[in-house]
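Chemist: This is the structure I want to talk about, given as structure tokens.
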Amino acid sequence: GPGTLTRTLLNAGVKVVALESNSAFLPNLQSLENSLDGQLKVIYGDFFRLDPLVTGTLKPPAMCSDKLFETMGVAAVPWRADVPVKIFGILPQKKERNTLWRLLFALYECSSIYRYGRVELNIFISEKEYKVLTAKPGDVRAYQALTVLWQVGCEIQLLHMEPWSSFVTNLKNGGLAVPKSMWLQNDHLCLVRLTPQQNLFTGGLNPTNSATFIFMVKQCLAKPKSRLTDRLNSWSLDNGGKLLRELEIPKNAETRNLYPEDYRRLFEALQNSNMFTETWFHDEVLESIRNINL
Numbered sequence: 030g031p032g033t034l035t036r037t038l039l040n041a042g043v044k045v046v047a048l049e050s051n052s053a054f055l056p057n058l059q060s061l062e063n064s065l066d067g068q069l070k071v072i073y074g075d076f077f078r079l080d081p082l083v084t085g086t087l088k089p090p091a092m093c094s095d096k097l098f099e100t101m102g103v104a105a106v107p108w109r110a111d112v113p114v115k116i117f118g119i120l121p122q123k124k125e126r127n128t129l130w131r132l133l134f135a136l137y138e139c140s141s142i143y144r145y146g147r148v149e150l151n152i153f154i155s156e157k158e159y160k161v162l163t164a165k166p167g168d169v170r171a172y173q174a175l176t177v178l179w180q181v182g183c184e185i186q187l188l189h190m191e192p193w194s195s196f197v198t199n200l201k202n203g204g205l206a207v208p209k210s211m212w213l214q215n216d217h218l219c220l221v222r223l224t225p226q227q228n229l230f231t232g233g234l235n236p237t238n239s240a241t242f243i244f245m246v247k248q249c250l251a252k253p254k255s256r257l258t259d260r261l262n263s264w265s266l267d268n269g270g271k272l273l274r275e276l277e278i279p280k281n282a283e284t285r286n287l288y289p290e291d292y293r294r295l296f297e298a299l300q301n302s303n304m305f306t307e308t309w310f311h312d313e314v315l316e317s318i319r320n321i322n323l
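The sequence shown begins at 30 in the working numbering and counts up one residue at a time.
If you want it as structure tokens, here you go:
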């Protein structure tokens, strides 16, 4: 865009690397870059098109995260180290849900930007998606697989809420370009900080098996009113009842009533069974990953 967010960060005294995907805005940003003494670096690129699943040379504004981090001078640090870099941006509304899923897979696999450590995201998202990310168990409309996985993976903080009317969102006919959500309130853009948990990869969860954890959560919450015991039985798990007793989860619990940490504990317990080694389960996980990354 025209650089409103960039100028705000510069005025706060922050050193900024600005990615601009619209070439029409580059001249003004480059002029601003030249007027500053190294505080701003402007790159023609799109953060939300980092590391696309294509072969061959990338055509800008698509780009590789390793090239971006090299340009920024940011080196990889251990996962439990401090946040190496903070990223600010606005999620594209048309691809908001898909972008949140792609970032989630990158987080759990320590790929893309998360190869460099616990990168902090400060992003504007719609109010309806913010309500999904922060939903509580039992919320029929908002509590989803995306909820569980982001809450396990990150500390989520709401920094600011801004009415849509503050942005140029009107269509030519005078209507609002941002559609009203049928089920969840959607009157604001929310600035949300997503800081990866230091202890994400402790216990039985690690980047190698994280895709299985994601698949398990998605399967459980595909039918949120279903009983967890029924889901375990569908996976041909013989000792599902015993497992739930050990985890102190009621045998008649619906999948929408489990807390995010319950899903993590369930996954770690199932790691000790032979279910995740079954060929059919492995194939289902791979298919799930392929569909998300399309």
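Glycine included, each C-beta is placed from N, C-alpha and C at the ideal position.
Counting only runs that start and end within the stretch 136-207, where is the beta strand (DSSP E) found for 3 or more residues in a row?
Modeler: Listed in chain order, the complete beta strand (DSSP E) runs (minimum 3 residues) inside the stretch 136-207 are 149-155, 183-192.
Chemist: Look at Pro-113 and Tyr-145 and say whether their C-beta atoms are less than 7 Å apart.
Modeler: A contact, by the Cβ cut-off of 7 Å.
Chemist: Return the Cβ separation of Ala-47 and Leu-69 in integer angstroms, given the expectation that the two are a contact with Cβ distance under 8 Å.
Modeler: The pair is a contact, with the Cβ atoms about 6 Å apart (cut-off 8 Å).
Chemist: Just how far apart, CA to CA, sit Leu-299 and Leu-257?
Modeler: C-alpha separation (whole angstroms): 13 Å.
Chemist: Determine whether the beta carbon atoms of Ser-239 and Tyr-137 lie at a separation below 7 Å.
Modeler: Yes.
Chemist: For Leu-178, collect the residues of the same chain with a Cβ closer than 7 Å to its Cβ; drop the 5 residues on either side in sequence, then sort them by chain order.
Modeler: Excluding positions up to five away in sequence, the list reads Leu-133, Ile-243, Val-246.
Chemist: Leaving out five residues before and five after Pro-90 in sequence, what residues of the same chain have Cβ atoms less than 7 Å from its Cβ?
Modeler: Closer than 7 Å at Cβ, skipping near neighbours: Ser-50, Tyr-73, Gly-74, Asp-75, Arg-78.
Chemist: May I have the straight-line CA-CA distance separating Arg-260 from Asp-291, to the nearest angstrom?
Modeler: Rounded to the nearest angstrom, the two C-alpha atoms are 15 Å apart.
Chemist: Confirm, please, whether the CB-CB distance from Tyr-172 to Pro-166 is below 7 Å.
Modeler: Yes.
Chemist: Here's the rule I'm using: 16 or more other beta-carbon atoms within 10 Å means buried, otherwise exposed. How should Gln-71 be labelled?
Modeler: Looking at the sequence provided, one finds Val at residue 71 rather than Gln. Result: buried.
Chemist: Give me, in chain order, the residues of the same chain whose beta-carbon lies closer than 6 Å to that of Asn-57; leave out the 5 immediate sequence neighbours on both sides.
Modeler: Nothing meets the Cβ criterion.
Chemist: I'd like to confirm the pairing. Which residues does DSSP put opposite Met-92 in its beta bridges?
Modeler: Paired residue(s): Leu-79.
Chemist: Can you tell me whether Phe-98 is helix, strand or coil according to DSSP?
Modeler: In this structure, Phe-98 counts as helix in the three-state DSSP scheme.
Chemist: Who does Pro-225 pair with in a DSSP beta bridge?
Modeler: Note: Pro-225 sits in a beta bridge opposite Cys-183.
Chemist: On the DSSP bridge assignment, give the partners of Ile-72 in chain order.
Modeler: DSSP output for Ile-72 lists Leu-48 as bridge partner(s).
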